[in-house]
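Note that my numbering has the sequence shown beginning at 1, numbered continuously upward.
The next block holds one structure in the form of structure tokens; read it before the comments.
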Amino acid sequence: MRIGAHVDSADPLAEASARAADAVQFFLSDPKGWKAPQPRDDADRLRAAEVDVYVHAPYVINVATPNNRIRIPSRKLLVAHAAAAAEIGARGLIVHGGHVNAGDDLTVGFDNWRKTFAYAAESGGFATPVLIENTAGGENACARRLDALARLWDVVGEYGAGFCLDTCHAHAGGEELLDLVDRVKAITGRIDLVHANNSRDGFGSGADRHDNLDSGTIDPELLLAVIRGAGAPVIVETPGGATGQAADITFLRGQTGIGDRLA
Ligand SMILES: [Zn+2]
1 MRIGAHVDSA DPLAEASARA ADAVQFFLSD PKGWKAPQPR DDADRLRAAE VDVYVHAPYV
61 INVATPNNRI RIPSRKLLVA HAAAAAEIGA RGLIVHGGHV NAGDDLTVGF DNWRKTFAYA
121 AESGGFATPV LIENTAGGEN ACARRLDALA RLWDVVGEYG AGFCLDTCHA HAGGEELLDL
181 VDRVKAITGR IDLVHANNSR DGFGSGADRH DNLDSGTIDP ELLLAVIRGA GAPVIVETPG
241 GATGQAADIT FLRGQTGIGD RLA
């Protein structure tokens with residue numbers, strides 16, 4: 001099973017070495033900004049690397065919102081990130097499920113997701129597989145609870161959307177980790193990537209604060225069960241820099257059914 005970490009974007013391959021990681025995830029632009037991603041000097045090295053590369057889209061992207069002034073630039077930025085991610089050989093572009101505003105009908109949010117894939121399809125589709133990630137908070141989210149995820153998949157499934165399961169977000173979002181993989185796969189048919197994170201906050205808190213795997217409010221055995229069941233590559237987005245993340249990766253590699261399994 002490929003195991004890696006979310007790292008600083010300046011030199012991801014050096015960050016991978018520092019953690020003995022098989023995979024890295026990073027941002028291609030300021031995650032809180034709207035700037036388009038720029039070509040990278042290390043594109044050839046990243047494409048040729050043994051390390052698997054994933055790109056996380058900026059947090060500002062919300063393709064679901066009824067607000068035109070957010071939705072339209074979100075779509076464009078997502079397409080631009082998919083193109084830039086392809087330039088560096090990325091295996092997936094992770095983007096949060098997004099939300100509508102209080103009082104808005106979630107149906108509009110799902111339809112906006114459909115339109116996003118339809119918009120990308122007009123220019124040949126996303127250049128990198130888009131993996132929609134479950135989120136922790138908000139009452140109007142498209143991919144927090146599984147009932148919403150099922151409605152989302154009714155519209156994006158046919159476009160080949162991928163799914164990224166974040167364990168912290170599921171727990172804080174109010175979805176039990178026990179049997180979660182089976183319940184998710186019954187909806188999406190797939191889990192393409194696991195964001196393995198413990199949570200500093202309690203079940204259903206709606207807060208999004210990651211913790212190291214053997215810390216936090218989630219029983220580590222439940223995290224391991226999700227990772228084993230998903231059978232997908234794993235990225236830790238945990239604190240503590242290279243030291244903290246390397247310890248989390250070592251912890252995972254030491255587990256039966258994870259470290260001894262190639263995927
Ligand atoms: Zn995540």
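Backbone N, C-alpha and C define an ideal beta-carbon position, used for all residues, glycine too.
(message) So, with DSSP's three-state summary, where would you put tyrosine 54?
(response) The residue given as residue 54 occupies position 54 in the sequence shown. Assigned with DSSP and collapsed to three states, tyrosine 54 falls in strand.
(message) If contact is defined by three or more beta carbon pairs under 8 Å, each pair taking one atom from either stretch, is the stretch 207-218 in contact with the stretch 131-147?
(response) Yes, the stretch 131-147 touches the stretch 207-218.
(request) At 3 residues or longer, and completely inside the stretch 6-68: list those beta strand (DSSP E) runs for me, N to C. (result) The DSSP assignment places 23-27 and 52-56 as complete runs of the beta strand (DSSP E) inside the stretch 6-68, in order along the chain (cut-off: 3 residues).
(request) Following the continuous alpha helix (DSSP H) through leucine 106, name the residue where it begins and the one where it ends. (result) Translated into positions along the sequence shown, residue 106 becomes position 106. In the DSSP assignment, leucine 106 falls within the unbroken alpha helix (DSSP H) covering 106-122.
(message) What does DSSP give as the partner residue(s) for aspartate 211 in the beta ladder?
(response) Translated into positions along the sequence shown, residue 211 becomes position 211. BP columns for aspartate 211 point to Asn198.
(request) Compare the Cα-Cα distances from glutamate 158 to each of Lys115, Ala36 and Arg45 and report the closest residue. (result) Within the sequence shown, the letter at position 158 stands for residue 158. Nearest C-alpha to glutamate 158 among Lys115, Ala36 and Arg45: Lys115.
(request) Please report how far the alpha carbon of lysine 32 lies from the alpha carbon of asparagine 62, in whole angstroms. (result) If you number the sequence shown from 1, residue 32 lands on position 32. If you number the sequence shown from 1, residue 62 lands on position 62. The alpha-carbon of lysine 32 is positioned some 12 Å away from that of asparagine 62.
(request) Quick one: grab the DSSP three-state call for alanine 141. (result) In the sequence shown, counting from the first residue as 1, residue 141 sits at position 141. The answer is strand: DSSP assigns alanine 141 an E or B state.
(message) Could you check whether the Cβ of aspartate 166 sits closer than 6 Å to any heavy atom belonging to ligand 1?
(response) For this step, residue 166 is matched to residue 166 along the sequence shown. Taking 6 Å as the cut-off, the C-beta of aspartate 166 counts as close to a heavy atom of ligand 1.
(message) So the candidates are Ala14, Asp30 and Ala186; which of them puts its Cα closest to the Cα of alanine 23?
(response) As a first step, residue 23 must be located in the sequence shown, where it is residue number 23. Closest by alpha carbon: Ala14.
(message) Tell me which residues share the same chain as alanine 263 and place their Cβ nearer than 8 Å to its Cβ, disregarding the 5 neighbours each side in the sequence.
(response) Position 263 of the sequence shown, counting from 1, holds the residue named residue 263. Interpretation of alanine 263 is limited by its pLDDT of 48, a score under 50 that renders its predicted location unreliable; the figure taken from the coordinates is listed afterwards. Excluding positions up to five away in sequence, the list reads Met1, Arg2, Gly231, Ala232 and Pro233.
(message) Judging by CA-CA distance, which residue of Ala20, Ala143 and Asp52 is the nearest neighbour of glycine 92?
(response) Position 92 of the sequence shown, counting from 1, holds the residue named residue 92. Out of Ala20, Ala143 and Asp52, Asp52 has the C-alpha closest to the C-alpha of glycine 92.
(request) Take leucine 264 as the anchor and find which of Leu165, Thr243 and Ala20 has the nearest alpha-carbon. (result) Any answer about residue 264 is impossible in this case: the structure gives the chain only from 1 up to 263.
(message) Distance check for alanine 84 and valine 130, CA to CA, integer angstroms please.
(response) The count along the sequence shown starts at 1 and reaches residue 130 at position 130. The count along the sequence shown starts at 1 and reaches residue 84 at position 84. Rounded to the nearest angstrom, the gap between the Cα atoms of valine 130 and alanine 84 is 13 Å.
(request) Starting from valine 226, follow the alpha helix (DSSP H) in both directions and report where the run begins and ends. (result) Translated into positions along the sequence shown, residue 226 becomes position 226. 220-230 is the extent of the alpha helix (DSSP H) around valine 226.
(message) What does the Cβ neighbour count give for isoleucine 94, buried or exposed, with the cut at 16 atoms within 10 Å?
(response) Within the sequence shown, the letter at position 94 stands for residue 94. A buried status is given to isoleucine 94, since no fewer than 16 other beta-carbon atoms sit within 10 Å of its beta-carbon.
(request) Given a cut-off of 7 Å, decide if valine 108 and proline 73 are closer than it, judged by their beta-carbon atoms. (result) Locating residue 73 in the sequence shown gives position 73, where the first residue counts as 1. Locating residue 108 in the sequence shown gives position 108, where the first residue counts as 1. Taking C-beta atoms as the reference points, proline 73 and valine 108 fail to come closer than 7 Å.
(message) Going by DSSP in three states, alanine 263 sits in which element: helix, strand or coil?
(response) Numbered from its first residue, the sequence shown carries residue 263 at position 263. Caution is warranted here: a pLDDT of 48 is assigned to alanine 263, below 50, making its placement in the model unreliable, and no coordinate value can be reported.
(message) Assuming contact is defined by CB atoms lying nearer than 7 Å, are alanine 5 and valine 236 in contact in what I supplied?
(response) Here residue 5 is taken as the residue at index 5 of the sequence shown, counted from 1. Here residue 236 is taken as the residue at index 236 of the sequence shown, counted from 1. Taking the C-beta atoms as reference points, valine 236 is found nearer than 7 Å to alanine 5.
(message) Is any non-hydrogen atom of ligand 2 found closer than 6 Å to the C-beta of glutamate 237, if you look at the structure I gave you?
(response) Absent from the structure shown: ligand 2. Ligands present: ligand 1.
(request) Take alanine 49 as the anchor and find which of Ile187, Ala18, Arg71 and Ile88 has the nearest alpha-carbon. (result) The residue you call residue 49 lines up with position 49 of the sequence shown. Closest by alpha carbon: Ile88.
(message) At the level of alpha carbons, what is the spacing between phenylalanine 203 and histidine 171?
(response) Position 203 of the sequence shown holds residue 203. Position 171 of the sequence shown holds residue 171. When rounded, the separation of the alpha-carbon atoms in phenylalanine 203 and histidine 171 is 5 Å.
(request) Look up glutamate 133 in the DSSP assignment and say whether it is helix, strand or coil. (result) In the sequence shown, residue 133 corresponds to position 133, counting from 1. It is a strand residue.
(request) Using three-state DSSP, classify aspartate 166 as helix, strand or coil. (result) By 1-based counting over the sequence shown, the position of residue 166 is 166. Annotated three-state conformation of aspartate 166 is strand, per DSSP.
(request) Ignore the nearest five residues each way along the sequence and tell me which others in proline 239's own chain have a CB closer than 8 Å to its CB. (result) Position 239 of the sequence shown, counting from 1, holds the residue named residue 239. Once the five neighbours on either side are set aside, the close Cβ partners of proline 239 are His210, Asp211 and Asn212.
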